[in-house]
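If you use the working numbering, the sequence shown corresponds to residues 109 to 530, in order.
As C-alpha cells, the structure follows; a few thoughts come after it.
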Amino acid sequence: MKRKLDHGPDGRPFPTGKKRCKGNSCPSSLATLQATPTTFGELRLANGHSAQRRRVTSGPPPSGLQDWLHIFQAWSGPERLLAMDELIDRCETIQVKHMMQLIEPQFQRDFISLLPKELSLYVLSFLPPGDLLRAAQTCRYWRTLGEDNLLWRDKCIEEGVAGCGTRRRARGGGGSSPWKSTYIRHQRVETSWRTADTHTPQVLKGHDDHVITCLQVSGDLIVSGSDDNTLKVWSAVTGQCVRTLLGHTGGVWCSQMSVATVISGSTDRTLRVWNAESGECVHTLYGHTSTVRCMHLHGNRVVSGSRDSTLRVWDVVTGQCVHVLRGHMAAVRCVQYDGRRVVSGGYDYMVKIWDPETQTCLHTLEGHTNRVYSLQVHIPLHTHLTCTLPAHYRYTYLYTHTHTHTHTHTHTHTHTHTQWQI
C-alpha cells in the first residue's frame, strides 16, 4: 500500500522528509491558526503595540464616538467598506496621512515567521536558488531556514548539480548545509568559466615558415627544434626568444632537456649537447650513419635511435658512445630508457627490449602490421604502450613485461584482442 504524500494548497508535495502531523502532535501550529487576529486592534496587540493610541488632541473624545463605533461594529462587512469609503472622502490630507502611519507598519510584517517551520520551508521551496540565497540575508530566522539541508538538496536536483560528499542533515543543528555549500561551489566554478578574465596566449615566432619538429619545457625555459637546422630557447614568462642554438647542418628532428642541458638529434647524423643558458655547444656526438630520429634522456645517459636501424647509448658528460644496440631491421622511430632497460620501436613493425649494459635484446615483441611510431614505458609496472599507424587507422598495443614472462595485448580497429606469452 502506497504511503500518502503531503501536499500544499496547490497540490505540490511538501519537501522530502517532512512528515504530516497526526492527532494533536502539532498543538503549537493549531494554536497559531486559532489565534489569528480578526481585527486591526488585535493585530496591533499581536505585534506588540500598545492598545493605547497616541493622542492627537489634548481634549476628551467627542461625544457620541462610542455610539458611532457600536453602530459601525453592528454593520456587515460590505456596509463597513461603504462607510469607510465615505469617511475617507470627507477626510483632509493630514487625517489620511495619520491613517497611513497607523496602517502601513502592520503590513510590513514577516509572515513567514508566523507559519510553522514546515510551511515556511514549503513557501521558500518555490524560490530559485539565487533568490533563496538572498532571502537568507534578510533576518536570522530566514537564515536558519536557508540552511535547511533537504531544501538545498531539492534545489541541487532541480539545477542538475552533482551530490555532495556527505549527507549529514543540517536541520535541527548548527553549521552550513552540505548541499548549500555544494551549490555555491558549483556556481562559483560556473561563473569563473563564463566570466573570468582570460589571458591572450603568447605566440612564439622565430622559425618563420619552417616546421617545428620537437619541443621541450624545463622550468621557465622552452626549447623548440625545427627543420631550419636550429633550436631556439624561449622564456615561458615573457615569450621572447632568449637565444638561438646554431651548429647543426641539417634539420633538427628530436631533442631532450634536463634543467639547462639540451640534447638534439639531426638529419646531419649527429647529436649535440648544449648549454641552454649560454647557448654553447658542449659536445658533438658522432657515430650514426643516418638521421637521428629519436632519443630519450635519463640522468647522464641518453639513448638515440636512427634511420641506420641502430640505437646508441651516450654519456652526456664525456660525449662518448658507451654502447651500440643492433637488431632492428629498419629505422628506429621511438625509444624509451628508464636507466635499466631500453625499449625501442621501429619501421620493422617490432618493439624490442634491451639490456644496454650487455648490448643484448631481451625480448622482441611482434604483432604490429605496420611501422611503430611511438611507445610509452610505465616504469613502476613495466608497461609499454606502443602506437602504429597503418593506412587510415591507428592501432594501439599494450605490452606488459614481468620478471618471468612478457604478455602482449593488442587492440585493433576490428575490436579483437590477442595475447602472447613469450
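The C-beta atom is built at its ideal place from N, Cα and C for all residues, glycine as well.
On the premise that residue j lies in contact with residue i, defined as a C-beta separation below 8 Å, what is that separation, rounded to the nearest angstrom?
| i | j | result |
| --- | --- | --- |
| leucine 355 | cysteine 389 | Note that residue 355 is glycine in the sequence shown, not leucine. Right, their Cβ atoms sit about 5 Å apart. |
| valine 269 | threonine 290 | 6 Å |
| lysine 243 | leucine 235 | Note on residue identity: the sequence assigns alanine, not lysine, to residue 243. About 6 Å separates the two Cβ atoms, so the contact holds. |
If distances are taken between C-alpha atoms only, which option among the options comes closest to residue i?
| i | options | result |
| --- | --- | --- |
| valine 425 | Asn408, Leu433, Gly435 | Asn408 |
| aspartate 335 | Gly314, His406, Val410 | Gly314 |
| tryptophan 361 | Tyr445, Arg441, Arg248 | Arg441 |
| arginine 261 | Val400, Gly271, Leu241 | Gly271 |
| leucine 94 | Ile330, Asn478, Val451, Trp176 | Any question about residue 94 goes unanswered here, given that the chain covers just 109 to 530. |
| serine 372 | Arg479, Cys247, Cys402 | Cys402 |
| tryptophan 462 | Val450, Leu473, Thr472 | Val450 |
| asparagine 383 | Asn257, Ala368, Cys429 | Ala368 |
| valine 400 | Glu385, His391, Gly387, Thr418 | Thr418 |
| threonine 108 | Val370, Thr308, Gly327, His307 | Given that the chain is displayed from residue 109 to residue 530, the structure contains no residue 108 and the question cannot be resolved. |
| threonine 392 | Val297, Gly427, Val480, Phe219 | Gly427 |
| phenylalanine 219 | Thr246, Leu190, Gly185, Gln295 | Thr246 |
| glutamate 465 | Val480, Val411, Arg479 | Val411 |
Which same chain residues, not among the five before or five after residue i, have their C-beta less than 8 Å away from its C-beta?
| i | result |
| --- | --- |
| serine 398 | Arg377, Ser414, Arg415, Asp416, Ala439 |
| serine 366 | Ser326, Leu405 |
Within its chain, find whatever has a CB closer than 7 Å to the CB of residue i; leave out the 5 residues flanking it on each side and keep chain order.
| i | result |
| --- | --- |
| glycine 347 | Gln310, Leu312 |
| glycine 131 | With a pLDDT of 44 at glycine 131, under the threshold of 50, the modelled position of this residue cannot be trusted, and the question is left open. |
| glutamate 255 | Ala278, Ser284, Ser285, Lys288 |
| aspartate 423 | Asn408, Arg409, Val430 |
| valine 350 | Val341, Trp342, Ser343 |
| proline 237 | Lys263, Glu267, Tyr291 |
| histidine 294 | Val269 |
| leucine 253 | Ser228, Leu229, Leu232 |
Starting from residue i, follow its DSSP beta bridges and name the residues at the other end.
| i | result |
| --- | --- |
| asparagine 408 | BP columns for asparagine 408 are empty, so no partner. |
| glutamine 428 | Asp423 |
| lysine 340 | Ser332, Thr352 |
| serine 326 | Leu329 |
| arginine 380 | Ser372, Thr392 |
| arginine 434 | Thr418 |
| histidine 294 | Per DSSP, none; premise fails for histidine 294. |
| serine 300 | In the DSSP output, where bridge partners are listed per residue, serine 300 has none listed. |
| isoleucine 320 | Ser334 |
| serine 366 | Thr369 |
| tryptophan 462 | Val450, Cys469 |
| glycine 413 | Cys402, Leu419 |
| glutamine 444 | Val451 |
Quick check: what's the CA-CA separation for residue i versus residue j?
| i | j | result |
| --- | --- | --- |
| glycine 359 | histidine 396 | 15 Å |
| threonine 357 | glycine 453 | 26 Å |
| threonine 433 | glutamine 467 | Looking at the sequence shown, residue 433 is not threonine but leucine. Rounded to the nearest angstrom, the two C-alpha atoms are 6 Å apart. |
| glutamate 187 | lysine 225 | 38 Å |
| isoleucine 292 | serine 228 | 22 Å |
| valine 537 | glycine 435 | It is not possible to answer for residue 537, since the shown part of the chain is limited to 109 through 530. |
| methionine 437 | aspartate 456 | 6 Å |
| arginine 380 | aspartate 305 | 42 Å |
| serine 171 | arginine 217 | 35 Å |
| leucine 223 | glutamate 212 | 21 Å |
| arginine 420 | glycine 447 | 14 Å |
| glutamine 444 | lysine 460 | 11 Å |
| glycine 281 | tyrosine 249 | Confidence in glycine 281 is poor, its pLDDT being 43 and thus under 50, which makes the residue's placement unreliable; the coordinate value appears in the next sentence. Approximately 14 Å between the Cα atoms of the pair. |
| glutamine 203 | alanine 182 | 24 Å |
| arginine 302 | methionine 192 | 57 Å |
| glycine 333 | glutamate 267 | 49 Å |
| tyrosine 394 | serine 374 | 11 Å |
| serine 363 | leucine 240 | 58 Å |
| cysteine 199 | glycine 167 | 20 Å |
| asparagine 386 | histidine 404 | Inspection of the sequence shows that residue 386 is occupied by serine rather than by asparagine. Using only the alpha carbons, I get a separation of about 23 Å. |
| threonine 352 | histidine 307 | 27 Å |
| cysteine 469 | glutamine 484 | 18 Å |
| serine 221 | histidine 206 | 28 Å |
| isoleucine 265 | arginine 251 | 21 Å |
| aspartate 316 | valine 325 | 20 Å |
| leucine 473 | histidine 406 | 23 Å |
| glycine 475 | serine 482 | 15 Å |
| glycine 185 | proline 169 | 26 Å |
| leucine 189 | methionine 208 | 17 Å |
| leucine 329 | valine 345 | 8 Å |
| histidine 471 | arginine 296 | 53 Å |
| phenylalanine 180 | asparagine 257 | 51 Å |
So does residue i have its beta carbon nearer than 8 Å to some heavy atom of the ligand MG?
| i | result |
| --- | --- |
| alanine 191 | With respect to small molecules bound, the structure shown includes none, and the ligand MG cannot be examined in it. |
Please decide whether residue i counts as near chain D, where near means a Cβ-Cβ distance under 9 Å.
| i | result |
| --- | --- |
| tryptophan 422 | Judged by its chain identifiers, the structure shown contains no chain D, having just a single protein chain. |
Which same chain residues end up closer than 6 Å to residue i when comparing Cβ atoms and leaving out the 5 residues on each side of it in sequence?
| i | result |
| --- | --- |
| serine 133 | Only weak support is given to the placement of serine 133: the predicted model assigns it a pLDDT of 44, under 50, and the value that follows is read from those uncertain coordinates. Nothing meets the Cβ criterion. |
| leucine 173 | none |
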